[in-house]
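Report on one structure; see the data block that follows.
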Amino acid sequence: MRAALPGARTRPSARARRERTAGLAFISPWIFGFLVFTAWPILYSGYLSLTDYDVLTDPSFVGLDNYERMVGDPQVRLALWNTLQYTLLQVPLYVLVALALALLLHQAGRASGFFRTAFFVPKMTPPVAVGVLLLLLFNGEYGLVNEALGAVGIDGPSWTTDPDWIRPGLALVSLWSVGAAVVILLAALQDVPVELYDAARVDGAGWWRRTRTVTIPMISGALFFVTVVNTIAAFQMFTEAYSAYFGAGNSTYSNDAALFYVIYLFREGFAELHMGYASALAWLLFVVIMLVTAVQLLVSRRLVYYEGEQR
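Per the numbering used here, the sequence shown starts with residue 2, numbered consecutively.
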């Protein structure tokens, strides 16, 4: 048998080719679904963003007119600003609460299974119901949140009518579905080697120091995942805010403070039938999310530890 020359390519064996063919056959339904239901709509929306299209007639090519319109559209700036404010409020709050609950569950022992399920079940609540829940809990006159604050002598704000408190109220109600992140972080906590905690105790480290120097670095990968996924979801906030502030019978509320980017995109595309302009708005959102995610990935190189990697 001849030895292969250094750098020479070796042809895959018949078995390797069969395995590759079988693998492609198994994932072919996903490939078909991705190409037809994801890749093609994305590419076609890119074409529509260069057209004037009202769904009822054929699209007519207008070049970059839709993007030029976005630059001068004050509603785009308002929607982006509202979305950015909400994201900056919601993401840190969501991650911190999820981490705190995961740390508590990690100390619960056998009871953690029950509480893990109890925290996750609200995640199954339909987003429209969460929007209605927002109006019930955070109503400035008879809402449960303000009643609880009043019991301790705090005069609660008008969460659903004061423009300054609409976004914080939405950020707080998003904690209703924090259970998914709790489950992820709890799984990461359970994977931290016990030996590291034992070594820290021998060195005299207390709970806070062990959390800061052992727990957080060892679960930083899971924290980063939760942060990135939740950031993307925050930029796409739609259902809860729309059902609470833009649905039937909600005309008495201040809608401008709740005008998130995807809500404005939806209104332009499906209410005004400006589908070409809505496609351009969608591509702007895509670029913004990609840039934010790229920044997070760059920052993660210094802050995130992955087991087995060389430092």
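Ideal placement from N, C-alpha and C gives every residue a C-beta, glycine not left out.
Quiz prompt | Buried or exposed (CB count within 10 angstroms, at least 16 for buried), Trp-41 | solution = With fewer than 16 Cβ atoms within 10 Å of its Cβ, Trp-41 is classed as exposed.
Quiz item: Going straight from the alpha carbon of Ile-155 to that of Leu-94, what length do you get?
Solution: 21 angstroms
Quiz item: Since Gln-76 is in the alpha helix (DSSP H), which residue starts that stretch and which ends it?
Solution: 75-107
Exercise. Decide if Met-238 is buried, meaning its Cβ has at least 16 other Cβ atoms within 10 Å, or exposed.
Key: buried
Quiz item: Going by beta carbon distance, what residues of the same chain come within less than 6 angstroms of Asp-55, once the five residues before and after it are set aside?
Solution: Leu-274
Quiz item: Tell me, which residues are paired with Phe-267 by DSSP?
Solution: Phe-267 is not bridged to any residue.
Exercise. Let me know the secondary structure DSSP gives Phe-38 once reduced to three states.
Key: helix
Quiz item: What did DSSP end up calling Thr-162 once you bin it into helix, strand or coil?
Solution: In the three-state DSSP reduction, Thr-162 falls in the coil class, being neither helix nor strand.
Practice problem: Tell me whether Phe-62 sits in a helix, a strand or coil according to DSSP, three-state version. | Solution: strand
Practice problem: Give the DSSP bridge partners of Asp-53, in chain order. | Solution: Ser-61
Self-check item: Anticipated Cβ contact below 8 angstroms, Ala-172 with Gln-91, distance rounded
Solution: 4 angstroms
Quiz item: Span of the alpha helix (DSSP H) holding Phe-121?
Solution: 113-121
Practice problem: With a threshold of 16 other CB atoms inside 10 Å of the CB of Ser-61, please say whether the residue is buried or exposed. | Solution: In this structure Ser-61 is exposed. Its beta-carbon is surrounded by fewer than 16 other beta-carbon atoms within 10 angstroms.
Exercise. With DSSP collapsed to three states, give me the class of Thr-294.
Key: helix
Quiz item: Residues in its own chain within less than 8 angstroms of Leu-304 by CB, not counting five upstream and five downstream?
Solution: Ser-221, Phe-225
Quiz item: For Ala-258, which residues from the same chain have a beta carbon less than 6 angstroms from its beta carbon, with the 5 sequence-adjacent residues on both sides left out?
Solution: Pro-164, Ile-167
Quiz item: Hey, how far is the Cα of Val-153 from the Cα of Asn-147?
Solution: 10 angstroms
Quiz item: Tyr-143 to Tyr-87, Cα distance in whole Å?
Solution: 25 angstroms
Practice problem: Provide the residue span of the alpha helix (DSSP H) that contains Gly-151, from first to last. | Solution: 145-152
Quiz item: Do Ala-119 and Leu-186 have their C-beta atoms closer together than 7 angstroms?
Solution: no
Exercise. Could you check if Trp-31 is buried or exposed, using at least 16 other CB atoms within 10 Å of its CB as the buried criterion?
Key: Classification for Trp-31: exposed.
Quiz item: Less than 7 angstroms separating the beta-carbons of Gly-248 and Asp-53?
Solution: no
Quiz item: Do three or more CB pairs link the stretch 110-118 to the stretch 196-214 at distances below 8 angstroms?
Solution: no
Quiz item: Where do the N-terminal and C-terminal ends of the alpha helix (DSSP H) with Thr-228 fall, by residue?
Solution: 221-236
Quiz item: By the 10 Å Cβ neighbour count, where 16 or more other Cβ atoms means buried, how is Thr-228 classified, buried or exposed?
Solution: buried
Quiz item: How would you label Trp-208, buried or exposed, when you count the other beta carbons within 10 angstroms and need 16 or more for buried?
Solution: exposed
Self-check item: Under 7 angstroms between C-beta atoms of Leu-190 and Ala-101
Solution: Against a cut-off of 7 angstroms, the Cβ pair of Ala-101 and Leu-190 comes out as no contact.
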